[in-house]
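Numbering (the working numbering), first residue to last: 9 to 161. Backbone N, C-alpha and C define an ideal beta-carbon position, used for all residues, glycine too. In this text, all values refer to a predicted model and were calculated from it rather than measured experimentally.
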Ligand SMILES: O=P(O)(O)OC[C@H]1O[C@@H](O)[C@H](O)[C@@H]1O
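Okay, here's the thing in structure tokens:
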């Protein structure tokens, strides 16, 4: 499986180490930038690149890292087809995958350690989607996405 990854300047170092972590797990990595972390990088274009590649099924999933992971998750969720989840601890990571089947994992490099980021990434990769009662809930999410901001009442 191929994973797209991206960060802003705050997440650059964590991204670089996660690339190696993914490669060690025999995963192909598509780096959507940046190529250096020594100057400011806006998170929105990077989130857009990773999310669009994920939504287009060019990759099997995406990982985004900024200071908190919050901006990245909000930006990625603007792309149709994306279920991005901000996971800075293990419990959320497990259920974000089993129940919500998030296709983009977002983390905060100023919130968690590299070790925790790797544990969260492994849990996200290894936890299967439960399916069953969660499938109609995901359908409701995509229906809501299709509705957009049209007033319903
Ligand atoms: O380094 P500065 O610009 O202060 O902060 C960048 C972080 O602030 C938030 O937008 C994001 O989490 C981003 O990573």
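Own chain, CB closer than 6 angstroms to residue 92, minus 5 neighbours either side, in chain order: Within the chain shown, residue 92 is the residue found at index 84, counting from 1. These residues qualify, in order along the chain: 81, 84, 85, 112 and 114.
Distance cut-off 6 angstroms: residue 44 Cβ against heavy atoms of ligand 1: By one-based count along the chain shown, residue 44 stands at place 36. Outside the cutoff, so no.
heavy atom of ligand 1 below 6 angstroms from residue 79 C-beta: Stepping through the chain shown from its first residue, residue 79 is reached at position 71. Closer than 6 angstroms to some heavy atom of ligand 1: that describes the Cβ of residue 79.
Straight-line Cα distance separating residue 71 from residue 57: In the chain shown, the residue the question calls residue 57 occupies position 49. In the chain shown, the residue the question calls residue 71 occupies position 63. Between residue 57 and residue 71, the C-alpha separation is close to 11 angstroms.
For residue 20, the nearest candidate out of 66, 40, 148 and 65 (CA to CA): Position 12 of the chain shown, counting from 1, holds the residue named residue 20. Out of 66, 40, 148 and 65, 40 has the C-alpha closest to the C-alpha of residue 20.
Cβ-based neighbour list, residue 73, same chain, cut-off 6 angstroms, excluding 5 preceding and 5 following: Mapped onto the chain shown, residue 73 falls at position 65. In chain order, 15, 19, 22, 23, 115 and 117 place their CB closer than 6 angstroms to the CB of residue 73, counting only its own chain and leaving out the 5 sequence neighbours on each side.
Check whether residue 87 and residue 12 have beta carbons under 7 angstroms apart: Taking the first residue of the chain shown as position 1, residue 87 is located at position 79. Taking the first residue of the chain shown as position 1, residue 12 is located at position 4. No, the pair does not count as a contact, with Cβ atoms beyond the cut-off.
Short Cβ contact (7 angstroms threshold) for residue 133 with residue 98: Within the chain shown, numbered from 1, the residue matching residue 133 stands at position 125. Within the chain shown, numbered from 1, the residue matching residue 98 stands at position 90. For residue 133 and residue 98, no; Cβs fall outside 7 angstroms.
Short Cβ contact (7 angstroms threshold) for residue 10 with residue 50: The residue labelled residue 10 in the question sits at position 2 within the chain shown. The residue labelled residue 50 in the question sits at position 42 within the chain shown. For residue 10 and residue 50, no; Cβs fall outside 7 angstroms.
Exposure of residue 31, with buried meaning 16 or more beta-carbon neighbours within 10 Å: Stepping through the chain shown from its first residue, residue 31 is reached at position 23. Classification of residue 31: exposed, given that the 10 Å Cβ count is below 16.
Whole runs of the beta strand (DSSP E) within the region 78–118, excluding any shorter than 3 residues: Taking only runs of at least 3 residues, the beta strand (DSSP E) segments lying wholly in the region 78–118 are 92–94 and 112–116.
beta-carbon residue 62 near ligand 1 non-hydrogen atom, thresh 6 angstroms: The residue labelled residue 62 in the question sits at position 54 within the chain shown. In this structure, residue 62 has its beta carbon at no less than 6 angstroms from each heavy atom of ligand 1.
Spatial neighbours of residue 90 in its chain, beta-carbon cut-off 7 angstroms, leaving aside the 5 residues before and after: To locate residue 90, count along the chain shown from 1; it is residue 82. 59, 62, 63, 84, 111 and 112, listed in sequence order.
Buried or exposed by the 16-neighbour rule on C-beta atoms within 10 Å, applied to residue 94: Taking the first residue of the chain shown as 1, we reach residue 94 at position 86. Its Cβ being crowded by 16 or more others within 10 Å, residue 94 is buried.
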